[in-house]
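So the sequence shown is numbered by UniProt numbering: it starts at 1 and just counts up by one.
In this text, a Cβ means the ideal position worked out from N, Cα and C, and glycines have one as well.
A quick write-up on the structure given underneath.
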Amino acid sequence: MNGLVEGISNISLDQNPGKKHKRPFRAFHTFDQSQSQSTNANTYPAAPPGHSSLVNNASFNKSHMIGMVKNAGQVYNAAEQSSTGTTSHIVPTQRLEDQQQMLARTFLPDVESVPPLFSTQFYSANQGTCDPRLMSLSLYNIPENEQLRSATKLPIGLNVHPFATVVPTDVEITAIDTRGVGGPIRCRRCRSYANPKYKFTFDSKFVCNFCQINTPVPYQYLPQLSQTGDRPDLLQHLGLVNGVVEFTVPDLYKIKQDSDLVPLHYVFLIDISIWANENKSSLVAIESVRTAINYIRENQPNCKVAIIAFDRWLRFFNLRPESTQAQELVVSELKDIFLPLHNGLFVRPEESMHVIQDTLLKLESFIQDDKFMHKNEACFGSAIEAAVLALKTITNGNGGKIIATLNTIPTIGNGNLIISRDDGLKPHIKCENEFYTNLARDMLNSYISLDLFCTGAGYMDLATLAYPVFITSGNMKHYPDFNVERSEFKFVNDIVHSVSSTVGYQAQLKVRCSSGLSVNNYYTMACGNSDREPIIPVVTTDQAINVLFKYDDKLKAGTELFFQAALLYTDINGVRKVRSMNSSAAVSNNIHEIIKFLNQDVINSLLIHDVLSKLDNCQFPKIRETIDSKLSDILTQYRALVDSSHGSQLILPDSLKSLPAYLLSFEKSALMRNNKNSSRGNDRIIDYFKLYYYNQHQLVYKLYPQIFPLHEILSDDDFTFYDQNNLLLQFDSVEALSVRNSYNSLVNGGCYMIFQGDTIYIWFNENTNRHLLRDLLVGGEAEEVPYASVTLFGGQLPILETDINVRARNIVRYWSQIVSHSYLPVVLLRPNVDQYYSHTMTYLMCEDKSVEMIESYDTYLLSLHRKIKDNIENERYTKLSNSGKHLHENLAERFIQF
């Protein structure tokens with residue numbers, strides 16, 4: 001056993017891939033399939049058997065790639081770069097190796113199946129399969145039946161992120177206006193949308209790739225087929241070429257046929273109660289609203305806004321452009337909500353900016369000067385009702401978005417929670433308040449979403465207050481230690497991001513797949529985690545949904561399985577659209593091939609969301625046991641059916657080598673803390689929200705934060721961008737830059753940047769080199785840098801011309817681009833200085849033993865090994881029938897030995 005422990009701690013991996021070419025080849029990514037295929041053998045697995053590729057169509061290749069390699073000058077031959085693939089079970093090393101592999105090559109979705117990690121930035125082609133950032137599968141070789149899938153213990157599902165940022169960013173998603181032809185081509189049976197896998201016949205019909213039914217082709221799309229059955233006019237019908245396409249659709253696709261579509265309407269709700277005024281969060285909220293409305297005026301000119309303030313009363317504002325100053329209307333009736341005005345409640349910022357500015361100035365004056373008029377109650381529930389009523393009335397039921405701030409638990413009006421306590425007597429996180437339950441359902445059915453920004457330090461019963469946020473797929477932020485100097489910049493940017501990330505509203509998602517599979521579960525509260533198509537009141541660039549499939553029938557090995565996610569929505573200008581994303585996988589009866597083509601990040605997310613969707617009485621020790629059991633079952637099946645030749649060693653499949661690290665980190669999250677004394681605390685609910693609604697890019701960093709050392713001796717290329725678009729960050733010194741999330745990995749006197757998905761921390765202590773701190777954080781020529789008094793204005797790194805500062809800002813930019821946030825707060829993390837240090841480090845050092853006595857990562861692997869060994873010895877695993885066994889002894893399956 002001691003030898004095994006030593007092996008885990010001192011595992012030696014080959015981390016010396018062939019040296020890449022330098023500057024002359026930067027920014028040139030090959031789209032030539034012959035070159036890419038030669039790389040696949042050493043990097044990402046090629047397409048599974050039966051996985052067809054549209055790039056084989058020469059006419060398509062030429063037409064589609066034109067413009068993407070235009071002006072390239074020269075193309076990098078990916079075959080010249082030798083690579084051993086990612087080899088480590090250590091998450092930091094795996095991430096750096098994966099990023100290094102994608103520096104000089106473009107991912108081809110139709111040729112390569114398993115995409116890079118979600119923590120990797122890469123270029124992708126838009127071929128017959130969409131960019132995997134938009135939609136990716138958990139398995140790219142689907143078991144032919146439920147028996148074989150059960151033998152793997154793996155979920156069949158996908159993650160769809162409709163408005164993820166794709167690279168290259170200057171290549172727009174194909175847009176097709178079908179309003180003049182009655183809408184896009186669709187199958188008459190399953191109603192799938194036109195995609196590159198539709199097959200056209202010589203009798204003017206097409207065969208649907210999902211249900212295999214023939215449908216007559218509309219005359220506008222009548223094909224002119226060649227002798228081989230190909231369409232030479234593909235350039236005229238890009239919906240039959242690209243893996244993702246956006247159709248502009250006619251009025252037939254409207255939600256409400258009896259009303260006209262309108263641009264998106266915003267309601268800004270501002271808490272001006274005495275508690276919000278005391279910590280000045282109300283003033284920061286007003287500044288945030290001012291900045292957000294300016295953004296709307298410049299970038300969303302057709303949208304309209306309304307402003308409502310609340311304390312113990314509701315305060316409406318007449319924003320008519322004809323007015324010269326703000327007019328305030330106060331409503332004290334909180335039980336039976338009504339609107340005191342209609343005309344002037346919602347306005348376009350461009351037309352009424354002078355009135356909006358006057359309104360916000362008067363609110364600021366009230367907060368700062370009329371302190372004797374401040375009220376200590378907050379009628380939050382009634383304020384939400386008023387905003388919903390306003391949107392319903394003015395938009396004629398079309399919906400809209402509410403952006404609300406709140407500092408204290410509501411104590412007056414509808415939905416007051418004056419008797420709420422967090423005493424641990426409620427061992428669950430459900431909403432039991434009928435008012436908020438009914439309000440959330442009403443908002444969902446009315447296509448109204450809520451984004452909530454909480455600044456209170458005390459208990460706020462977010463499990464109840466935020467229920468409408470969960471149901472309407474909104475966003476929630478909490479600032480428990482709100483301080484104007486430290487929090488203002490972050491708060492303002494979060495409000496602006498709530499607006500800038502908005503893409504549309506009135507959305508509904510539908511996922512289709514080939515016959516034999518069907519949707520079992522959409523993991524979102526909007527549909528109760530069921531198979532009903534979820535309604536998404538407001539669509540943003542951050543939203544992603546996991547989908548789980550089930551078997552309806554046995555599949556045929558060697559065939560191809562197709563998946564399509566279609567999002568029907570109204571854009572912010574009131575135009576109805578459908579975004580269609582397509583992908584595919586092969587069907588296999590070979591368990592070796594199934595295990596080889598796995599997407600670890602999606603599997604991890606599906607397993608976590610399955611746990612979150614079934615939280616009942618929050619008995620977290622039992623939940624941890626369930627997670628451990630699932631993981632040991634997966635690895636037991638691999639050991640028993642795929643690699644049974646290493647009985648005394650822990651074997652992790654190459655495709656799942658860091659899954660234990662992510663699941664162990666999930667077990668140590670704030671959500672899973674002991675709940676004997678506090679079962680519904682703010683931290684627990686916020687963590688629950690993040691785990692449930694973070695997209696894949698944010699989730700992997702939230703579970704296992706990334707750490708970069710700044711004190712190491714760096715090569716010329718470390719932390720510099722490889723391409724001219726400044727997207728691909730280089731990590732030449734992989735071994736030196738790989739830092740595990742453990743106290744033992746941190747060097748006394750070191751300096752580290754740590755990213756947790758939404759916040760960047762800079763860790764250093766009193767022994768850190770003062771010259772390094774000066775060049776990184778202060779600038780100038782001072783010899784002594786005051787360790788405890790260093791601050792960062794606006795939560796940002798200063799712009800200095802020092803080498804380490806430039807590289808640190810490159811890291812910030814790299815992380816920002818991966819999670820698609822223009823602003824990430826940078827927070828200093830110093831032992832014995834920052835009050836939040838111990839609490840924050842508890843969750844950043846996810847490999848260490850937790851305060852809940854959850855074992856360290858190395859010990860956890862030992863525990864897994866014992867469970868797997870015991871399962872094998874007692875034959876507690878699912879066996880394959882003789883007809884299902886297709887074991888090939890000569891298959892070179894990669895694995896890790898301990």
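- Burial check for I634: the Cβ neighbour count within 10 Å reaches 16 or more, so the residue is buried.
- Cβ contact annotation for Q817 (same chain, cutoff 7 Å, sequence separation greater than five): Q121, L727, in chain order.
- With a threshold of 16 other beta carbon atoms within 10 Å, D616 falls short and is exposed.
- If only uninterrupted beta strand (DSSP E) runs of at least 3 residues are considered, those enclosed by the UniProt domain "Sec23/Sec24 helical" (599-700) are 651-653.
- Take S850, set aside five residues on each side of it, and the residues of its chain with a beta-carbon closer than 8 Å to its own are K668, T842, in chain order.
- Sequence-distant Cβ neighbours of R579 in its own chain, meaning closer than 6 Å and more than five residues away, are P162, E246, L567.
- Under the three-state reduction of DSSP, A285 is assigned to helix.
- A175 sits exposed, since fewer than 16 C-beta atoms from the chains shown fall within 10 Å of its C-beta.
- One thing to note: A386 has its Cβ within 9 Å of the Cβ of L314.
- Relative to the Cα of L710, the nearest Cα in the group L703, Y694, S733, Y704 belongs to S733.
- Here DSSP, grouped into helix, strand and coil, assigns I307 to strand.
- Between the C-alpha atoms of K430 and Y459 there is a straight-line separation of about 16 Å.
- For K614, the closest of N521, D654, N695, L659 by C-alpha to C-alpha distance is N521.
- For L462, the enclosing alpha helix (DSSP H) starts and ends at 462-465.
- The Cβ-Cβ distance between V538 and S449 falls below 9 Å.
- For G157, the enclosing beta strand (DSSP E) covers residues 157-160.
- Three or more beta-carbon pairs separated by less than 8 Å link the region 435-446 to the region 467-485, which places the two stretches in contact.
- In the structure shown, L452 adopts extended strand secondary structure according to DSSP, grouped into three states.
- Scanning P427, P786, Y198 for the CA closest to the CA of R774 turns up P786.
- Excluding the 5 residues flanking it on each side, D170 has no same chain C-beta neighbour closer than 6 Å.
- In this structure the region 874-882 does not lie against the region 799-814, because fewer than three pairs of beta carbons, one per stretch, are closer than 8 Å.
- Looking from the CA of N214, the closest CA among C187, K197, R639 belongs to C187.
- Where A404 is concerned, the enclosing beta strand (DSSP E) starts and stops at 400-406.
- DSSP, read as helix, strand or coil, puts Q101 in helix.
- Counting only the Cα atoms, E873 lies some 36 Å from D98.
- If you ignore the 5 residues before and after I296, its C-beta comes within less than 8 Å of the C-beta of Y266, C303, V305, P349, V499, all in its own chain and listed in chain order.
- Beta-bridge partners of I545 (DSSP): V160.
- Annotation for I293: V305, P349, I356 place their beta carbon closer than 7 Å to its own, counting only its chain and skipping 5 residues before and after.
- Between S119 and Q543, the C-beta spacing is not below 9 Å.
- Non-local C-beta neighbours of H89 in its own chain, meaning closer than 7 Å and more than five positions away in sequence, comprise L652, K657, S658, I896, ordered along the chain.
- Distance from P168 to N725 at the Cβ level is roughly 7 Å; contact confirmed, criterion being Cβ atoms closer than 8 Å.
- In this structure T129 is not in contact with S655, their Cβ atoms being roughly 19 Å apart against a cut-off of 8 Å.
- In the structure shown, R576 adopts extended strand secondary structure according to DSSP, grouped into three states.
- Proximity of the region 373-392 to the region 252-261 falls short of the contact definition, fewer than three beta-carbon pairs being nearer than 8 Å.
- Contact check between the region 738-754 and the region 763-777: three or more CB pairs, one atom from each, fall below 8 Å, which counts as touching.
- The region 136-152 makes contact with the region 543-559: 3 or more CB pairs, one atom from each, lie closer than 8 Å.
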